[in-house]
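In the numbering used here, the protein residues as written are 1 to 454. From the three backbone atoms N, C-alpha and C, an ideal C-beta is built for every residue, glycine too. Input: a single structure, listed below in structure tokens.
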């Protein structure tokens, strides 16, 4: 079977055709050109690549001369972007090279243009060190990557210590690739990861977050976290999660299960490929429990762990320099992850308020995953989903009967009393105790009377 025939027919064929055209033009102008890296790995696995990279003997200036629209994003490293259309995407074209020393643990100080055999040796793992000639339909393998794919192994190219010293982020990438593709980490590679795990701290928070952003939404997220623990990376990157290991879990699904095992089950129970903030919240939802654990009279409690966990989760988001929006989403989910556990007994106003929140869909998904990993009782989840789908007692988020402008017209100056009055009126509206502007105004006056100093 031809390599390209292994890939399912999809609209992504436009990207593949563009990559093939780039290789063909380089080839027709006397240059050696091959598809390289992850796209070759994915094609051999029968998966549609997200993007296509090309490696070539052509020098950067020669590449730019052959294509009308290019960007020299890394010309000193031999990298040129050949620009396509929105449908085809862009193609990264890199000159075959050999790298010098990596003094900063990320980029080589110097590069020397070379040939494909040397170029393969500078790459991270054998499964990513493959080339493919689409003209001859031939895989070019200098590092044993095809055999490792067949054997289900993730192996560093050459000396593992050297590969990880060049770029410490490869320690985490190894775990992500192994989990994603269902591979075992080759013993020498695994030992090097464990021995060097402490050095992950030289990697910027943004780059670590970028890897976690790829790992956590993927279906292999729980296996990725198991591998992070086994490789000692969990303790270095997320000590807050490491601290859940050995902490007893109430109502464990697994006999003797601790918070760590519970967290893994929650990750497994998330639907499909969730957004990163939801997956991260699932990972962090119980990080507040170790610090809130109390045992009295043979009973165990974790009172206040939701708020404590939300504070810790938000600190992790800031440590990774996530956006304010993502930080707020993660913190809100962790803070409220048990709120729906009593949905059927909540006052209507409280239930409507939480149901009107833009993150309610993710919160229900998190609560369902948590419930399945605790006692399997989905009564509250089913009630919430039904409430959202078919709420027979009026809209969940009806227009306000009384606003801050109305309060100002009563002669009240902005201050703490504003929120108190507006919240009381809104709760009464959601509880269907008042139904019009006049009733809302009357209630506001009554609340104000409780605070004569206002």
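For the candidate residues the options, whose alpha-carbon lies nearest to that of residue i?
{"i": "residue 326", "options": "387, 370, 280, 339", "result": "280"}
{"i": "residue 34", "options": "369, 95, 220", "result": "95"}
{"i": "residue 355", "options": "333, 368, 384, 329", "result": "384"}
{"i": "residue 164", "options": "137, 149, 123", "result": "123"}
{"i": "residue 199", "options": "357, 152, 234, 224", "result": "234"}
{"i": "residue 154", "options": "119, 375, 193", "result": "193"}
{"i": "residue 181", "options": "68, 215, 405", "result": "215"}
{"i": "residue 92", "options": "118, 56, 99", "result": "56"}
{"i": "residue 202", "options": "364, 426, 76, 166", "result": "166"}
{"i": "residue 351", "options": "151, 426, 308", "result": "426"}
{"i": "residue 261", "options": "87, 134, 24, 229", "result": "229"}
{"i": "residue 397", "options": "178, 117, 139, 349", "result": "349"}
{"i": "residue 21", "options": "140, 42, 414, 67", "result": "67"}
{"i": "residue 41", "options": "148, 184, 205", "result": "148"}
{"i": "residue 150", "options": "293, 162, 45", "result": "45"}
{"i": "residue 226", "options": "369, 146, 70, 172", "result": "172"}
{"i": "residue 190", "options": "232, 219, 208", "result": "232"}
{"i": "residue 313", "options": "292, 264, 277", "result": "277"}
{"i": "residue 14", "options": "50, 417, 183", "result": "50"}
Provide the residue(s) that pair with residue i in DSSP beta bridges, ordered along the chain.
{"i": "residue 138", "result": "133"}
{"i": "residue 258", "result": "248"}
{"i": "residue 74", "result": "79"}
{"i": "residue 56", "result": "33, 95"}
{"i": "residue 458", "result": "Only positions 1 to 454 of the chain appear in this structure, which leaves residue 458 out of reach."}
{"i": "residue 418", "result": "Note: residue 418 sits in no beta bridge, so no partner."}
{"i": "residue 112", "result": "98"}
{"i": "residue 156", "result": "125"}
Assuming residue i contacts residue j under a Cβ cut-off of 8 angstroms, what Cβ separation, rounded to an integer in Å, is found between them?
{"i": "residue 266", "j": "residue 373", "result": "5 angstroms"}
{"i": "residue 142", "j": "residue 120", "result": "4 angstroms"}
{"i": "residue 136", "j": "residue 176", "result": "With 8 angstroms as the limit, residue 136 and residue 176 do not qualify as a contact, their Cβ atoms being about 32 angstroms apart."}
{"i": "residue 195", "j": "residue 185", "result": "Contact flag wrong, Cβ pair sits at about 13 angstroms."}
What residue ranges within the region 175–222 form continuous beta strand (DSSP E) runs of no fewer than 3 residues, ordered along the chain? Listed in chain order, there is nothing to give.
Does the region 296–313 come into contact with the region 400–414, if we say contact requires no fewer than three beta-carbon pairs (one atom in each stretch) closer than 8 angstroms? No: fewer than three Cβ pairs fall under 8 angstroms.
Would you call the region 227–244 and the region 271–289 touching, i.e. three or more CB-CB distances under 8 angstroms? Short answer: they touch.
Measuring CB atoms only, is the region 267–274 touching the region 302–319, in the sense that at least three cross pairs come out at less than 8 angstroms? They do not touch, by the three-pair rule.
Fully enclosed by the region 339–388, which beta strand (DSSP E) runs are 3 residues long or longer? With a minimum length of 3 residues, no continuous beta strand (DSSP E) run stays inside the region 339–388.
Could you check whether the region 50–68 touches the region 137–155, counting it as contact only if at least three pairs of C-beta atoms, one from each stretch, sit closer than 8 angstroms? The answer is no - the region 137–155 does not touch the region 50–68, with fewer than three Cβ pairs under 8 angstroms.
Kindly confirm or deny that the region 327–336 and the region 356–369 touch, where touching means at least three C-beta pairs closer than 8 angstroms. The answer is yes - the region 356–369 touches the region 327–336, with three or more Cβ pairs under 8 angstroms.
Give a yes or no on contact between the region 415–429 and the region 338–345, applying the rule of three or more CB pairs nearer than 8 angstroms. By the C-beta criterion, the region 415–429 is judged not to be in contact with the region 338–345, since fewer than 3 inter-stretch pairs fall below 8 angstroms.
Let me know the alpha helix (DSSP H) ranges lying completely inside the region 306–342, each 4 residues or longer, listed in chain order. Counting only runs of 4 or more, we get 324–335.
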